[in-house]
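End of the sequence shown = 71 in this note's numbering, gap-free, step of one. Glycine is no exception: its CB is placed at the ideal position from the N, C-alpha and C atoms. The structure displayed is predicted, hence computed values, not measured ones.
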Amino acid sequence: EERYFLVTLAAHLAHPHVASLLGALQSAAWRSALDAIPGHAAERCGEVLALSQVLPWWNYRKPKASRSAAA
């Protein structure tokens with residue numbers, strides 16, 4: 001089983017083009033089309049995840065600044 005991820009910065013999620021792409025990936029039409037291809041499944045398609053959730057071995061090169069420190 002192979003899994004594929006589309007990666008972007010969290011700050012870009014609100015961008016209209018990214019939001020439109022997410023909407024398409026989450027749509028019933030896209031899921032149906034993907035599920036119709038033998039060997040493919042639309043599990044968690046369009047779900048926004050943190051890299052650390054799906055790649056447990058991955059970590060930031062530098063520790064992330066806390067949101068309160070960045071403000």
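Taken in chain order, the complete alpha helix (DSSP H) segments of 4 or more residues contained in the stretch 9-46 are 16-26, 28-35.
Of the residues 65, 37, 59, 47, the one whose Cα lies closest to the Cα of residue 26 is 47.
With respect to the 7 Å criterion, residue 34 and residue 28 are not classified as neighbours on the basis of their beta carbons. CA-to-CA, the gap between residue 55 and residue 12 works out to about 20 Å.
The Cβ atoms of residue 58 and residue 49 lie no closer than 7 Å to each other.
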